[in-house]
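Participant: Below are the structure tokens for one structure; questions will follow.
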Amino acid sequence: MASTDTTHAADTSEKVNWLAEIRGLALMLLAVLAFHSLVAKPFYIPSTSMMPTLWVGDRLVVSKYPYGWSWASASFHLLPRSDWRVFPHTPEYGDIVIPVHPTRDEDYIKRVVALPGDTIEVRRGQIILNGKAIKREVVPPVKLPFEPDLLCKGSPCLTAFEAFRETGPDGKDFFAPPTWRETLPNGATYLTIDYMDQSLDDYGPYTVPADSVFVMGDNRDQSADSRAAAIENGLGGAVPLANIGGRAEFLTFSLDGSTTWNPATWFSSMRGNRAWTTLRPALAEGAAAK
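What follows is the structure, given as structure tokens:
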């Protein structure tokens, strides 16, 4: 009899408290959601719109607090759209930010090129801010590796650069599209790609409304940004700061598209020289002293 009681007690003690397990899991998920909404979250680059700064396959960290918090800060866009902001701050020229499309809950990633109150105009690809052309100079072409396994919507990502494909001394192919260096009024400087004449090369003049910023992709010929109408997948003009979900900070790792279920490719497909690259824009020489 005593043995039966002991066995029953052991069975009772070994039962799983499912309510406690579910509560613990829910709390863990809430903590992750809160961290992603308030502090930082991972981000993946699926297109060429920010090349040469960001490559398809880059993984990066987006911080949520630099400009305060709004409905756009919440992961999965769980909050309704609104214009409220908590602890608001304005981005700086050259920041890479995460704007949300004006009608779809879809995150973009673009660079801030004009601030509230600025009048921006684009003529033949040249940005003109408040009546003055920003510094823009031709530089040696960037070298983008030929990665045939890298696909965008089922097609090779860099097909548009085929005219600029070359073969290096090592026998490896790469793309060398026309490259420019732009410098904004605060000294923020970065590279852009601009290799053809197209409709978005001319825009404005347009005055950026209060509490908004004007953003563009670094790949000027393949970016649906503030220059493009929302119906054309663009952002339809300036982006309200309440629609900015964070700031890009640094890369964590990058994959060249050759990853398969074979564990060996999990390492061979990594672009080792891109990990931990900062995404904060460099400052032109002498800018910091101004």
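Start counting the sequence shown at 26; every next residue gets the next number (my numbering). Each residue gets a CB set at the ideal place from its N, CA and C atoms; glycine is no exception.
1. Going by DSSP, which residues form a beta bridge with residue 151?
2. Grab the span of the alpha helix (DSSP H) containing residue 55 for me, first residue to last.
3. Quick test of the definition: if touching needs 3 or more C-beta pairs under 8 Å, does the region 162-174 touch the region 229-243?
4. Determine, using beta-carbon pairs with one atom in the region 245-255 and one in the region 66-75, whether at least three such pairs fall under 8 Å.
5. Decide if residue 262 is buried, meaning its Cβ has at least 16 other Cβ atoms within 10 Å, or exposed.
6. Reducing DSSP to helix, strand and coil, say where residue 129 ends up.
7. Could you tell me which of 65, 206 and 276 sits nearest to residue 12, measuring between CA atoms?
8. Decide yes or no for the touch test of the region 169-181 against the region 134-150: beta carbon pairs closer than 8 Å, at least 3 of them.
9. Taking residue 86 as the reference, which of 143, 145 and 275 has the closest Cα?
10. The alpha helix (DSSP H) spanning residue 101 covers which residue range?
11. Hey, how far is the Cα of residue 106 from the Cα of residue 159?
12. Let me make sure I understand the geometry here. Which of 222, 295 and 143 has the alpha-carbon closest to that of residue 283?
13. At which residue ranges does the region 170-199 contain complete beta strand (DSSP E) runs of 3 or more residues, listed in the order of the chain?
14. Would residue 112 be called buried (16 or more neighbouring beta carbons within 10 Å of its own) or exposed?
15. Closest to residue 153 by C-alpha separation, out of 300, 287 and 229, would be which residue?
16. Within the continuous alpha helix (DSSP H) that includes residue 290, where are the two ends?
17. Evaluate the contact criterion for the region 210-226 versus the region 44-53: three or more CB pairs, one atom per stretch, below 8 Å.
18. Could you check which residue in 209, 273, 253 and 306 has the C-alpha nearest to that of residue 155?
19. Of the residues 271, 117 and 186, which one's Cα is nearest the Cα of residue 141?
Facilitator: So, from the data block:
1. Answer is 148.
2. 43-63
3. Cβ pair count under 8 Å is below three, so no.
4. yes
5. buried
6. coil
7. With the chain covering only 26 through 315, there is no way to say anything about residue 12.
8. no
9. 275
10. Unbroken run through residue 101: none, as it is neither H nor E.
11. 34 Å
12. 295
13. 190-192
14. exposed
15. If we check each option's Cα against that of residue 153, 229 comes out closest.
16. 290-293
17. no
18. 209
19. Answer by Cα proximity: 117.
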